[in-house]
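**Student:** Going letter by letter, the sequence shown gives residues -16 to 420 in this note's numbering.
Dropping a structure here in structure tokens format, bear with me for questions.
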Amino acid sequence: MLGKIQKALSDNQVIKAWTIRHEITHGFQQYELKKSTESLREVTSELFTVDVLCDSENNEGKPGSGLGTVSLLPGADINSALEKAVLTAQLVHNEPYDFAEPTSIPDIELADYDYLEDPAGKIQGVLNTLKETTASFPHVRLTAAECFGQEKTTHLVSSKGIDATQKDTRVYLQWVYIGGSGDSEVETFAEVYRRRISDLDLKEEAALRAQYTSDLLEAQGPPSYTGPIYVQGPTLAVMVAGEMLAGSLIQTLSSATLKYSGETPWDIGKSIFREDVKGDDLQMWANRQLPYGIPSSSFDNEGIPAQRIALIQDNKLAAFIADQRFANYLKMQPSGDFGSIEIPGGSIPQSELQTGSYIEIAEYSWFNPSPVTGDFACEIRLGYIVEDGKRKPFKGGMLVGNLLDALADMRWSKETGFYGNYLGPKAALFNNLKVVG
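What follows is the structure in structure tokens.
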């Protein structure tokens, strides 16, 4: 069918440029309820996604370009689908641009070949490991767990001459712990999303979540506090890199799309911060070449190859992240999709960040800063008041501040970790944030 779509596109003289993505996905899913398997599912799907670029004119006769996209299942009516895509494209009047030209595409490690040897068996193994680890913590009960594994092969071809293929895997695990009973019962939801099973760090993660569940039973009300805030692990990764599939403040403000529309205050060579930096200088890369990073890819949906972009150097913006269209408009090289955030380790051991008195934020209900200003007021699901080496759990209250201001006044740990869309320090101490009780 791919060849038939290519021929239909090539025969249509109205189409200026086109791209086809042929995706074959094979997934396994297993759902456990308490101690038994509730359901098993295996799904294979195939999809063709076609982007067409057409010349267009607005009401004043000004030339422009329009994009139309259509998805086709095997056996679908190709000509009818392409007619809809062309009609859509001709109704759009963006400034003229073109699709990506072919260039060298790197080979990025995206697939867990250990998983691919026996997908169903490996998914069962993940759930078995979770159960075995949980058994070491009698104060919590594993009430539900679901593991989903996926293999996807993507073949991209374009009228410009791009012809590339990549294979990737993803493993998603979520589970629920319950501690206590009756009126004092508490529930903890956990999820981990990686490309490789070995990167789930399941024993460590399950032990941590079990401890959190136990501590929630003893948690008191929140304090009112201003001062050092300690954050580590996945919680820190979400603060800096955002939710796995939702992007981040930094990704938004470094977007060439927002630069073109005038919606980002950032400029190349200027500090990204509103205030003087009081802590560690910020160095950051937007890395789509990161092995096994969730946002990594050898090429993106436009066929733009993976790159490791120096994004922020010594607190100053070094590059904007641009797709092909806005790279054309701003006369810069396209970088394609953002990728993962990479930050080098700091100079202070993690243990030294954990000295003195401070508050640790273990979990948020949802960390959702403004995607433009960075202001946040996020509910604390679990935190700890740390004084004289003693940790007192609390829940509730809000962590209030501005993410950019916080990044300008903090220290990074020397140790680094990988959390799917973030490779960087395992821990950080923000010197001046507020907890509202």
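Just so you know, even glycine gets a beta-carbon here, dropped at the ideal spot from N, CA and C.
Please read all numbers here as calculations on a predicted model, not as lab measurements.
Assign Tyr96 to one of two classes, buried (16 or more other C-beta atoms within 10 Å of its C-beta) or exposed (fewer than that).
**Tutor:** As a first step, residue 96 is located in the sequence shown; it is residue number 113 there, counting from the start. The residue in question, Tyr96, is exposed, as its Cβ has fewer than 16 Cβ neighbours within 10 Å.
**Student:** Mind the definition here: the segment 400 to 411 touches the segment 210 to 230 only if three or more C-beta pairs lie below 8 Å; say whether that holds.
**Tutor:** The segment 400 to 411 is in contact with the segment 210 to 230.
**Student:** Taking Lys150 as the reference, give the member of Arg4, Ser254 and Ile161 with the closest Cα.
**Tutor:** Within the sequence shown, numbered from 1, the residue matching residue 150 stands at position 167. Looking at the Cα atoms, Arg4 is the closest of the given residues.
**Student:** Relative to the alpha-carbon of Asp198, which residue among Leu139, Pro376 and Pro89 has its alpha-carbon at the smallest distance?
**Tutor:** Taking the first residue of the sequence shown as 1, we reach residue 198 at position 215. For Asp198, the nearest C-alpha among the options comes from Pro376.
**Student:** Asn385 and Lys261 - do their beta-carbons sit closer together than 8 Å?
**Tutor:** Along the sequence shown, one-based indexing puts residue 261 at 278. Along the sequence shown, one-based indexing puts residue 385 at 402. Cβ distance not < 8 Å, so Lys261 and Asn385 don't count as in contact.
**Student:** Under 8 Å: do the segment 364 to 381 and the segment 331 to 350 share three or more Cβ pairs, one atom per stretch?
**Tutor:** Because the criterion of three Cβ pairs below 8 Å is met, the segment 364 to 381 and the segment 331 to 350 touch.
**Student:** In the DSSP assignment, what residue or residues form a beta bridge with Lys114?
**Tutor:** Your numbering for residue 114 matches position 131 in the sequence shown. Lys114 pairs with nothing; no bridge assigned.
**Student:** Using a threshold of 8 Å, state whether the C-beta atoms of Met315 and Leu294 are closer than that.
**Tutor:** Taking the first residue of the sequence shown as 1, we reach residue 315 at position 332. Taking the first residue of the sequence shown as 1, we reach residue 294 at position 311. Not a contact, by the Cβ cut-off of 8 Å.
**Student:** Quick one, which of Ser281, Tyr98 and Asp(-6) has its alpha-carbon nearest Asn270's?
**Tutor:** In the sequence shown, residue 270 corresponds to position 287, counting from 1. Minimum Cα distance to Asn270 is reached at Ser281.
**Student:** What's the C-alpha gap between Glu188 and Lys67?
**Tutor:** Position 205 of the sequence shown holds residue 188. Position 84 of the sequence shown holds residue 67. Taking the straight line from one Cα to the other gives about 48 Å.
**Student:** Just mark Asp440 as buried or exposed, buried being the case when its beta carbon has 16 or more other beta carbons within 10 Å.
**Tutor:** Because the chain spans -16 through 420 in this model, residue 440 falls outside it and cannot be assessed.
**Student:** Mind checking which residues open and close the beta strand (DSSP E) that includes Asn270?
**Tutor:** The residue given as residue 270 occupies position 287 in the sequence shown. Segment Met267 to Asn270, the beta strand (DSSP E) holding Asn270.
**Student:** Terminal residues of the continuous alpha helix (DSSP H) containing Asn62?
**Tutor:** Residue mapping note: residue 62 aligns to position 79 of the sequence shown, counting from 1. Asn62 -> alpha helix (DSSP H) spans Ile61 to Gln73.
**Student:** Suppose you measure from the CA of Gln234 to the CA of Phe321; what does that come to, to the nearest Å?
**Tutor:** Along the sequence shown, read from residue 1 onward, the residue named residue 234 stands at position 251. Along the sequence shown, read from residue 1 onward, the residue named residue 321 stands at position 338. The alpha-carbon atoms of Gln234 and Phe321 are separated by roughly 7 Å.
**Student:** Closest by CA to Gln203, which one among Gly380, Asn311 and Ile277?
**Tutor:** By 1-based counting over the sequence shown, the position of residue 203 is 220. Checked all of Gly380, Asn311 and Ile277; the closest Cα to Gln203 is Gly380.
**Student:** Where does Ala239 fall in DSSP's three states?
**Tutor:** Position 256 of the sequence shown, counted from the start, is the residue given in the question as residue 239. In this structure, Ala239 counts as helix in the three-state DSSP scheme.
**Student:** Helix, strand or coil: which one does DSSP assign to Tyr80?
**Tutor:** One-based indexing of the sequence shown puts residue 80 at position 97. Looking at Tyr80 - three-state DSSP - the assignment turns out to be coil, as it is neither helix nor strand.
**Student:** Quick one: residues in its chain with C-beta nearer than 8 Å to the C-beta of Gln272, no 5 flanking neighbours on either side, listed in chain order?
**Tutor:** As a first step, residue 272 is located in the sequence shown; it is residue number 289 there, counting from the start. Pro89, Ile91, Ser279, Ala289, Gln290, Arg291 and Gly322.
**Student:** Check whether the segment 294 to 314 touches the segment 240 to 249, counting contact only when three or more Cβ pairs, one atom from each stretch, lie closer than 8 Å.
**Tutor:** With the cut-off at 8 Å, the segment 294 to 314 and the segment 240 to 249 touch.
**Student:** Can you list, in chain order, the residues of its chain with a C-beta nearer than 8 Å to that of Lys409? Leave out the 5 residues immediately preceding and following it.
**Tutor:** Residue numbering aside, residue 409 sits at position 426 when the sequence shown is read from its first letter. Around Lys409: Gln215, Gly216, Leu219, Gln333, Ser396, Glu398, Thr399 and Gly400.
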